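Enquirer: Dropping a structure here in C-alpha cells format, bear with me for questions.
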Amino acid sequence: MPNRNLLIIHQGALGDFILTFPVLTRLQKYYTPIDVLSQAQQGKLAQSLGLAQNWYPLESAYFASLFSDRIEPRMKAILGKYEKIILFTLSDDLEISIKRVTDNLSCRLPPKPPAEHSIHVAQFVLDHILNCGLITQADAKLGDIPFAAITNRRRNHTKILLHPGAGSIRKRWPIAGFLKVEAALKASGLMPEFILGPAEENLMPELPHAHRVVHVLDDPADLVALLNSAGGYIGNDSGASHLAAYLGLPTTVIFGPADPARWAPVGRSVQIVRPGLACRPCFETEPDNCDDPRCMADTSPQMVLEAFYKAYSSNPDKPEQLK
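Just so you know, we're using our numbering here: the sequence shown kicks off at 4 and counts up by one.
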C-alpha cells in the first residue's frame, strides 16, 4: 500500500479539473492520501467520487496569501505536511511563493498544452507527471485507464439528459437542434430531460415547461446524482459532458470551435459530433468565432442522433424497441 501523501493544486475550470481524474486514478497507486486545493465545488466533487481524501478551497484567504508578501501560517502548515505537491498553474509567482515554504514541489505544469499541440489534455498531464518521476511508464497511457464497474441499479435507462449550455456561448449548438433531438428521442420511446447551469438560465424562455422537465443545477454533487439516475447524455463541450463521460454514462458531445483531439471527454462510451471541415478548430487561438461558423451550423440533428444511438448501444438495459 502506498503511504506517501500528495497535494494537487489546480486552478482550472470544472472541465479541465475533471480531465485530471484519469490521472488521479493512476496516482492513487503510488500516493495516499491524495488531497486537492481547488475551487470548493470541485474539491467536494473529487472527494465524493473517492479521488481525493481531503480538499481545501481555492477561494480561501489563506490561499490568496500566496500572492502576497506574507503567507498565512495555515497555508504554510498545509504545504509543509505533504511529501509531494503537483501544481497546475501558469504563474511563476505562485511557484516561487510555494518554494519559499517547502522543497516538496515535485511537479509544476500548465493546465493544458500549448494551443498548437494536438495532444489530449489528460495525456499531456500524464506525460508531465511521468517526466516528474511521479508514476512509471506502465501507468502513463491514457488508453489504459481503467473505469470502475457500473453498479448503480437505480438508473432509468429511458431517461436521456440534454445539456444545451456551455461555459462559452461559442461552444453552444443552437437550441433549435436540441429541440429536434428531443422530439426524435420522444418518438423513439425515450424520456429526454434538460439540464441547465446557473449561468444558462437565459435559455429557459426557449424551453417552456409545459411538456418537459428542466433541471437547473449549481452544485456538481446534484449533477452527479442526476447523471447517475439516467441512461444517456447529449451535450455541448462542457464540464457537465466531461462528468457524464467519467461516470460511465453513454455520452454524446457536440464540438464546434474547440478541438476534440485535445478536449474530448474521457469515458467508457463517448461519441463526438463535429462536421469534417478544412479549417482548424479556433477556440483557443481566436477571440471570436468566424462570421460563418460552419462547425456549428453544419452539425445536424440527424448527426447527433446517429452518434447518440451508437453510444447508447453499449447500454445492455436499453428499451426493447431500440435493441
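A virtual CB, placed ideally from N, CA and C, is assigned to each residue, including glycine.
None of these values were measured; they are calculated from a predicted model.
So the alpha helix (DSSP H) S244 belongs to, where does it begin and stop?
Expert: From DSSP, the alpha helix (DSSP H) with S244 extends over G242 to Y249.
Enquirer: Please report the Cβ distance between F127 and I12, rounded to the nearest whole angstrom; I am assuming they are in contact, meaning their Cβ atoms lie under 8 Å.
Expert: Contact doesn't hold; Cβ gap of about 17 Å is too wide.
Enquirer: If we ignore side chains and look at the alpha-carbon of each, how far apart do L93 and S121 end up?
Expert: In a straight line, the C-alpha of L93 is about 19 Å away from that of S121.
Enquirer: Please determine, among D96, Y65, S71 and D72, the residue with the shortest C-alpha to C-alpha distance to L82.
Expert: Cα-wise, what sits closest to L82 is Y65.
Enquirer: Q56 and D353 - do their beta-carbons sit closer together than 8 Å?
Expert: Coverage of the chain is limited to positions 4 through 326, which leaves residue 353 absent and any answer about it impossible.
Enquirer: Look up E196 in the DSSP assignment and give the residues it is bridged to.
Expert: According to DSSP, E196 bridges with L164.
Enquirer: Identify which residue in E289, P296 and Y315 has its Cα closest to the Cα of I275.
Expert: Ranking the options by Cα distance to I275, first place goes to Y315.
Enquirer: In three-state DSSP terms, what is K84?
Expert: Coil.
Enquirer: Would you mind stating whether H218 and L229 have Cβ atoms separated by less than 8 Å?
Expert: Yes, Cβ-Cβ distance for H218 and L229 is below 8 Å.
Enquirer: Are P263 and V184 close, meaning C-beta to C-beta below 8 Å?
Expert: No, Cβ-Cβ distance for P263 and V184 is not below 8 Å.
Enquirer: Just the C-alpha distance for P113 and Y33, rounded to the nearest angstrom, thanks.
Expert: For P113 and Y33, the distance between alpha carbons rounds to 22 Å.
Enquirer: Let me know the secondary structure DSSP gives A55 once reduced to three states.
Expert: In this structure, A55 counts as coil in the three-state DSSP scheme.
Enquirer: Pairing CB atoms from the stretch 165-172 with CB atoms from the stretch 180-199, are three or more of them under 8 Å?
Expert: Taking 8 Å as the limit for Cβ pairs, the verdict is that the stretch 180-199 does touch the stretch 165-172.
Enquirer: Can you find the residues in the same chain that come closer than 6 Å, C-beta to C-beta, to T255, ignoring five residues on each side of it along the sequence?
Expert: Around T255: I237, Q274, A310, F311 and A314.
Enquirer: From the DSSP output, in three-state form, read off C110 for me.
Expert: Correct three-state label for C110: strand.
Enquirer: Name the DSSP beta bridge partners of V11, please?
Expert: Just to set this straight, residue 11 is Ile in the shown sequence, not Val. V39 and I89.
Enquirer: Excluding the 5 residues preceding and the 5 following A169 in the sequence, name in chain order all residues of the same chain whose CB lies nearer than 7 Å to its CB.
Expert: So the list reads R175, N239, D240 and S241, once near-sequence residues are dropped.
Enquirer: Spell out the partners DSSP gives A233 in its beta bridges.
Expert: In DSSP, A233 forms a bridge with N159.
Enquirer: Could you spell out the range, first to last residue, of the alpha helix (DSSP H) harbouring V184?
Expert: Run containing V184: I178 to A190, per the alpha helix (DSSP H) assignment.
Enquirer: Fully enclosed by the stretch 256-323, which alpha helix (DSSP H) runs are 4 residues long or longer?
Expert: For the stretch 256-323, whole alpha helix (DSSP H) runs of length 4 or above, ordered along the chain, are 263-266, 297-300 and 304-315.
Enquirer: If distances are taken between C-alpha atoms only, which option among I101, V26, S68 and G279 comes closest to K84?
Expert: Of the listed residues, the one whose Cα sits closest to K84 is I101.
Enquirer: What are the residues that DSSP puts in a beta bridge with N239?
Expert: I257, per the DSSP bridge assignment.
Enquirer: Report back the beta-carbon spacing between Q44 and P223 to the nearest angstrom; my notes put them in contact at under 8 Å.
Expert: Confirmed, about 5 Å.
Enquirer: How is H131 classed by DSSP in three states: helix, strand or coil?
Expert: Reduced to three states, the DSSP call for H131 is helix.
Enquirer: May I ask you to list the residues that DSSP assigns as paired with V217?
Expert: In the DSSP output, where bridge partners are listed per residue, V217 has F197.
Enquirer: Select from P260, R103, P290 and P117 the residue whose C-alpha is nearest the C-alpha of P76.
Expert: Checking every option, the nearest Cα to that of P76 belongs to R103.
Enquirer: Under a CB-based cut-off of 8 Å, is S241 close to chain C?
Expert: Checking the listed chains, one finds no chain C in this structure; it contains a single protein chain.
Enquirer: Beta carbon of T161, beta carbon of G234: below 8 Å?
Expert: In contact: T161 and G234 (Cβ atoms closer than 8 Å).
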